[in-house]
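**Student:**
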Amino acid sequence: MKTVKEVSELTGVSPRALHWYDRIGLLKPTAHSEAGYRLYDDEALEKLRQILYFREFGMPLGEIRGVLESPEYDRKAALRQQKRLLELKKMRLERLITSIDVILAGDDKLDFTVFDQSEIEGILQNMISELDEQQRDRLTNRYGSLEAFREMGIRNFEKPESRRFLQKLVEWYGSKERALARMYEAPDPNVLMENARRILNMYEKLNCLRLQNCPPGGGPAQQAMKELEAVLLDTSGMEQVKPLLLEEADGLLAGGEAVQRMDEKYGQGWSEFYVQAVMAYCK
Numbered sequence: 022m023k024t025v026k027e028v029s030e031l032t033g034v035s036p037r038a039l040h041w042y043d044r045i046g047l048l049k050p051t052a053h054s055e056a057g058y059r060l061y062d063d064e065a066l067e068k069l070r071q072i073l074y075f076r077e078f079g080m081p082l083g084e085i086r087g088v089l090e091s092p093e094y095d096r097k098a099a100l101r102q103q104k105r106l107l108e109l110k111k112m113r114l115e116r117l118i119t120s121i122d123v124i125l126a127g128d129d130k131l132d133f134t135v136f137d138q139s140e141i142e143g144i145l146q147n148m149i150s151e152l153d154e155q156q157r158d159r160l161t162n163r164y165g166s167l168e169a170f171r172e173m174g175i176r177n178f179e180k181p182e183s184r185r186f187l188q189k190l191v192e193w194y195g196s197k198e199r200a201l202a203r204m205y206e207a208p209d210p211n212v213l214m215e216n217a218r219r220i221l222n223m224y225e226k227l228n229c230l231r232l233q234n235c236p237p238g239g240g241p242a243q244q245a246m247k248e249l250e251a252v253l254l255d256t257s258g259m260e261q262v263k264p265l266l267l268e269e270a271d272g273l274l275a276g277g278e279a280v281q282r283m284d285e286k287y288g289q290g291w292s293e294f295y296v297q298a299v300m301a302y303c304k
C-alpha cells in the first residue's frame with residue numbers, strides 16, 4: 022500500500038488532484054490507515070495510470086469515469102488507440118523537425134501539409150475501424166468499398182471549408198493533439214446522453230428566464246451563461262468555449278434552419294434572446 026505522498030512522488034499527480042479524484046468517485050483509495058490517511062494498492066495505481074493516459078489526450082474527468090465504469094470498457098483496445106495517437110504525434114513531430122532542417126539549410130518554403138496529412142488519414146482509418154458490420158455494409162454498398170470511402174473522405178478534408186473547420190477545432194481545443202484525440206474517441210453512449218441532457222437543461226433554464234422577461238444581459242441570464250460555459254468545458258474537453266458560443270450565435274444571426282429549429286423547440290424569440298445573452302457574456 023502507498024500513501025498519497027508516495028503515489029504523488031511516483032506518478033507526478035499532486036495530492037490535491039488525488040483528493041479530488043477521490044471526491045468525484047474517479048479514483049477511490051483502496052483503504053485508509055488507522056489515522057485516516059488514504060492508501061492505494063497496485064490495482065488502484067494501474068487505474069490511475071489509465072486515467073493519466075486519458076488525461077494526456079484532453080478527456081474530461083467526467084468522461085474518463087464514465088469510460089472506466091462502462092461494462093464495455095476494453096483496456097487493451099483503449100491502449101491500442103492511445104498508442105496510435107502517440108505514433109501519429111511522433112510522425113508529425115518528425116516531419117516538423119525535417120521541415121525545420123530544410124529551412125535551416127536555406128529553403129524557407131514551409132509546406133503546411135506537414136501538419137495534417139497523416140492525422141487526417143488516421144482519423145478516417147480509426148473511423149472505419151469503429152464501424153459495426155451493418156455500417157460497413159452500408160458504406161460498401163454506397164461507395165463500392167471501404168477504401169473508396171476513405172479516399173473520398175481524404176478529398177473532402179482537403180476542401181477549404183473542411184480546412185477552416187479543422188482550424189476552428191484546433192483553436193477550440195487549444196492544440197492539434199487535443200483536437201485529434203477528441204476526433205479519435207469513441208465515447209460511451211451513456212456519457213454522450215448525459216452530456217446532451219446537461220446542455221439541454223441549461224437551454225431550458227435560459228428559456229425560463231426569457232419567459233420571465235429577464236433581460237439577456239441581466240444578472241440571472243449571465244449567471245446561466247456562466248453555468249452553460251462550465252458545462253460545455255466539462256463535457257467537451259476544450260480549452261475554451263467562448264469561441265464556440267460565438268460561432269453558434271453567428272449561425273443564429275445568419276437565420277435559416279437553425280433559428281427555425283430552435284424557435285420551434287423553445288418558442289418564438291428564443292434565438293434572439295440566446296444570441297444577445299451570448300454576446301453580452303462574451304464581450
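Residue numbers (the working numbering): 22 to 304.
Using N, Cα and C, we set each Cβ at its ideal position, and we do this for glycine too.
In whole angstroms, what separates the C-alpha of P50 from that of E115?
**Tutor:** Taking the first residue of the sequence shown as 1, we reach residue 50 at position 29. Taking the first residue of the sequence shown as 1, we reach residue 115 at position 94. In a straight line, the C-alpha of P50 is about 40 angstroms away from that of E115.
**Student:** How should I45 be labelled, buried or exposed, when 16 other C-beta atoms within 10 angstroms of its C-beta is the threshold for buried?
**Tutor:** Within the sequence shown, the letter at position 24 stands for residue 45. By the neighbour-count rule (16 or more Cβ atoms within 10 Å), I45 is not buried but exposed.
**Student:** In the DSSP output, what is Y61 paired with across the bridge?
**Tutor:** Here residue 61 is taken as the residue at index 40 of the sequence shown, counted from 1. Looking at the DSSP assignment, Y61 forms a beta bridge with K23.
**Student:** Inspect the beta-carbon positions of V262 and E250 and report whether they are closer than 8 angstroms.
**Tutor:** The sequence position of residue 262 within the sequence shown is 241, counting from 1. The sequence position of residue 250 within the sequence shown is 229, counting from 1. The answer is yes: Cβ separation under 8 angstroms.
**Student:** Classify Y94: buried if its beta carbon has 16 or more other beta carbons within 10 angstroms, exposed otherwise.
**Tutor:** Counted from its first residue, the sequence shown places residue 94 at position 73. Exposed, since its Cβ has fewer than 16 Cβ neighbours within 10 Å.
**Student:** Since V299 and A270 should fall inside the 8 angstroms C-beta cutoff, what is the C-beta to C-beta distance between them, to a whole number of angstroms?
**Tutor:** For the purposes of this step, residue 299 is taken as the residue at position 278 of the sequence shown. For the purposes of this step, residue 270 is taken as the residue at position 249 of the sequence shown. About 4 angstroms separates the two Cβ atoms, so the contact holds.
**Student:** Looking only at its own chain, which residues have a Cβ that is under 7 angstroms from the Cβ of G174, when we skip the five neighbours before and after it?
**Tutor:** Sequence index remark: in the sequence shown, residue 174 carries index 153 (1-based). The residues are L145.
**Student:** Is A52 helix, strand or coil when you go by DSSP?
**Tutor:** Within the sequence shown, numbered from 1, the residue matching residue 52 stands at position 31. Correct three-state label for A52: strand.
**Student:** In three-state DSSP terms, what is C229?
**Tutor:** Mapped onto the sequence shown, residue 229 falls at position 208. It is helical.
**Student:** Start and end of the alpha helix (DSSP H) containing V252?
**Tutor:** Position 231 of the sequence shown, counting from 1, holds the residue named residue 252. Residues G240 to S257.
**Student:** Three-state secondary structure (DSSP) at V299?
**Tutor:** Translated into positions along the sequence shown, residue 299 becomes position 278. Of the three classes helix, strand and coil, the one that applies to V299 here is helix, per DSSP.
**Student:** Mind the definition here: the stretch 213-226 touches the stretch 275-282 only if three or more C-beta pairs lie below 8 angstroms; say whether that holds.
**Tutor:** no
**Student:** Grab me the residues of L66's own chain with a C-beta within less than 8 angstroms of its C-beta, minus the 5 sequence neighbours each way, in chain order.
**Tutor:** Here residue 66 refers to the residue found at position 45 when the sequence shown is read from its first residue. Correct list, in chain order: K23, V28, L31 and T32.
**Student:** Is there contact here, the stretch 225-237 with the stretch 55-65, by at least three beta-carbon pairs under 8 angstroms?
**Tutor:** no
**Student:** From the DSSP output, in three-state form, read off L100 for me.
**Tutor:** As a working mapping, residue 100 is identified with position 79 in the sequence shown. Correct three-state label for L100: helix.
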